[in-house]
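> Residue numbers (my numbering): 2 to 604.
As structure tokens, then:
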């Protein structure tokens, strides 16, 4: 999955950046053979000088065949596997945590150059080595390259390593120990094997056409000792570079949540025009031109792919479903980092429920400006606290993640963007979640009839206001409604769509698929704007054939469930008190979402 943040589409070079990012993800993922099955994209001027490209990769392993990044067993050997080491990527990790200005293009040499075909060979080679029982410990060379993998593997095992840097396969002449240790050249692994298994390891790597060299050994002393050109290069204790590294105590200013905003009169607006304004904004651009460039079905395990609330894959050889989603409303987080981050977790739970999955774990990618700015550091503290509260409430452990600071250009930080990746499980996939209504379906709203406007897309896009309070998550209500939706979807009784960005009106357009309209009637007394465009309600749109209505209503017993109308026809009609608030051809509304990104696919 990918979570992408770009600046305004008319900003200098932004179209070039969007095109390059999408092609880069597509080319690499398609060549490796890993389907890109979901994600999200958003646009905001705060990303004009600093776009975000967050990727989430989910794998499956047998519980009794998990391998760890540990350099265990003094006397065991350290083997380098994969591409040769070059100067590309040196300082890549520090560049990612640096501020940008007009000289940013000079940092290009620190960007790694990937080779997806070598990556595929490396993946298959490592899987064969693991299957043959030849691996004691293994870790990829990621940020900080050989330095991080060597020191982290040693630290986890409470041991040390010797490294002969002369043996590291080098792509360029004259590389120094400093460069060899810090290069972030891609497609490389560090493996620990017993002395007797090293020949077998090297033979497997040879058959896969990969460089593989024994470059060191595990030692009992907790230090890394490196040699180069026949002499000592360095001797460093492990702990100060890993667990005992100095910890910053950054000053921070608690963020003040946005106050209520005074709105202009909203009684007699042209609601259909407001809906069209939202749909034609880049914020609601149809992401189809992006994910059409990705292979999302390779491996033949994809049940629900891009364009849905969450992706759903079958675990190979089973009927177990593995669902995944990424979520973050950065605008909400800028107005209230605590509640905005908590709402991101809640939305992820709802998205998984729409494909019948129960959440089991979270990963996060915390993207912020400079932590040296007390206001930004305060945003970070509040967002982490919000994530922690929500993950405890939904019983979803945070099993991994990363932090990206200094996302700013010339002193202007991005919106705080704590992206949440969540994985869920469907014990047995019996029905393919359809996510759309069909002609004749009864349409229900499960949850409150009105949402909140603070921090909403309606205020942002239709009224030009990035303002208003973001409400806290109602955890008990969220858990109960999500559980009911999961059961309905698993049994094939209903299609579901959570109400989030753009409120009920946008959710209805998305659930129509641009093909099947609807006739909906809002209960008397509701606020038109809050019913149509309100957010943060934790609500769902449900659609079910008439024959399933009794079962749906039983499943939602005790929950706020309102029958709104029926799906069918070529128009989307939403009425209140005998007056149509919206009456528009559904195909035209859906087509309006396609314009902003159509150029990506040559449209």
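For glycine and all other residues, C-beta sits at the position ideal for the given N, C-alpha and C.
With a CB to CB cut of under 6 Å and the five nearest residues on each side skipped, what residues in its chain are close to residue 43?
Taken in chain order, the residues that qualify are 6.
> Mind checking residue 127: buried by the 16 CB within 10 Å criterion, or exposed?
Buried, by the Cβ-count rule.
> Only counting runs of 3 or more residues, tell me where the beta strand (DSSP E) segments fall wholly within the region 475-525, in order along the chain.
DSSP runs (the beta strand (DSSP E)) wholly in the region 475-525: 496-499, 519-523.
> If we count Cβ pairs, one from each stretch, closer than 8 Å, do we get three or more for the region 112-119 versus the region 72-92?
Yes, the region 112-119 is in contact with the region 72-92.
> Starting from the C-beta of residue 254, find all residues in its chain whose C-beta is less than 7 Å away, skip the five residues before and the five after it, and write them out in chain order.
Here the set comprises 375, 376, 379.
> Spatial neighbours of residue 426 within its chain, please: CB distance less than 8 Å, with the 5 preceding and 5 following residues excluded, ordered by chain position.
Around residue 426: 321, 322, 323, 324, 358, 359, 361.
> By DSSP's criteria, residue 423 is part of a beta bridge. Which residues make up the other side?
Residue 423 pairs with 326, 363.
> Drop a sphere of 10 angstroms on the beta-carbon of residue 107, count the other beta-carbons inside from all chains shown, and report buried for 16 or more, exposed for fewer.
Reliability of the predicted coordinates at residue 107 is poor, the pLDDT of 48 falling under 50, and no value is obtained from them.
> Taking the beta carbon of residue 590 as the centre, do at least 16 other beta carbons fall within 10 Å, making it buried, or is it exposed?
The residue in question, residue 590, is buried, as its Cβ has 16 or more Cβ neighbours within 10 Å.
> Name the DSSP bridge partner or partners of residue 314?
The partner list for residue 314 (beta bridge, DSSP) reads 303, 323.
> Please classify residue 400 as buried or exposed, where buried requires at least 16 other C-beta atoms within 10 Å of its C-beta.
Classification of residue 400: exposed, given that the 10 Å Cβ count is below 16.
> Looking at the unbroken alpha helix (DSSP H) that takes in residue 29, where does it start and where does it end?
Looking at the DSSP string, the run of the alpha helix (DSSP H) that includes residue 29 is 15-33.
> Quick one: grab the DSSP three-state call for residue 604.
Residue placement at residue 604 is poorly supported in this model, since its pLDDT is 47, which falls under 50; the coordinates still yield a value, given next. The answer is coil: DSSP assigns residue 604 none of H, G, I, E or B.
> Quick check: what's the CA-CA separation for residue 61 versus residue 227?
Whole-angstrom Cα-Cα distance: 36 Å.
> Report the option in 9, 8, 12, 16 whose CA atom is closest to the CA atom of residue 601.
When only C-alpha atoms are compared, the closest one is 16.
> What residue does the beta strand (DSSP E) around residue 190 start on, and which one ends it?
Per DSSP, residue 190 belongs to the beta strand (DSSP E) from 189-194.
> Based on Cα-Cα distance, which residue from 209, 149, 488 lies nearest to residue 185?
It is 149 whose Cα lies nearest to the Cα of residue 185.
> With H, G and I counted as helix, E and B as strand and the rest as coil, what does DSSP make of residue 91?
Three-state DSSP puts residue 91 in coil, outside helix and strand.
> Can you list, in chain order, the stretches of the beta strand (DSSP E) that have 3 or more residues and sit fully within the region 403-455?
Counting whole runs of 3 or more residues, the region 403-455 contains the beta strand (DSSP E) stretches 418-427, 443-447.
> At the level of alpha carbons, what is the spacing between residue 598 and residue 14?
Each residue's Cα considered, the two are about 15 Å apart.
> Kindly indicate which three-state DSSP category residue 205 falls into: helix, strand or coil?
Of the three classes helix, strand and coil, the one that applies to residue 205 here is helix, per DSSP.
> Specify whether the region 45-62 and the region 153-162 touch according to this definition: at least 3 beta carbon pairs, one from each stretch, less than 8 Å apart.
They do not touch, by the three-pair rule.
> Between the beta-carbon of residue 574 and the beta-carbon of residue 519, is there less than 8 Å?
For residue 574 and residue 519, yes; Cβs fall inside 8 Å.
> Quick check for students: name the residue ranges of the beta strand (DSSP E) that lie wholly in the region 108-191, counting only runs of 3 or more.
DSSP runs (the beta strand (DSSP E)) wholly in the region 108-191: 138-141, 161-165.
> Please name the residue, chosen from 219, 190, 512, 390, that lies closest to residue 213 on a Cα-to-Cα basis.
Out of 219, 190, 512, 390, 190 has the C-alpha closest to the C-alpha of residue 213.
> Do residue 553 and residue 609 come within 8 Å of each other at the CB atom, strictly closer than that value?
Outside the displayed span of the chain (2 to 604) sits residue 609, for which this structure offers no information.
> Apply the 10 Å Cβ neighbour rule to residue 327 and answer buried if 16 or more other Cβ atoms are within range, or exposed otherwise.
Buried, because 16 or more other Cβ atoms sit within 10 Å of the Cβ of residue 327.
> Answer with buried or exposed for residue 24, where buried requires no fewer than 16 other C-beta atoms within 10 angstroms of its C-beta.
When all chains shown are included, residue 24 counts as exposed.
> Just to confirm my understanding: we take residue 109, look at its own chain, exclude 5 residues before and 5 after, and list those with CB closer than 7 Å. What are they?
Residue placement at residue 109 cannot be trusted, given a pLDDT of 49 that sits under 50; the coordinates are not used to answer.
> Count the other C-beta atoms from every protein chain shown that fall within 10 angstroms of the C-beta of residue 579, then say buried if there are 16 or more, exposed otherwise.
Answer is exposed; the Cβ neighbour count stays below 16.
> Rounded C-beta distance between residue 285 and residue 507? I'm assuming under 8 Å.
Right, their Cβ atoms sit about 7 Å apart.
> Quick one: what's residue 216 bridged to in DSSP?
Looking at the DSSP assignment, residue 216 forms no beta bridge with any residue, so it has no partner.
> Smallest Cα separation from residue 409: which of 403, 402, 418?
Among 403, 402, 418, the Cα nearest to that of residue 409 belongs to 418.
> If you run the structure through DSSP and keep just helix, strand and coil, what is residue 568?
In this structure, residue 568 counts as strand in the three-state DSSP scheme.
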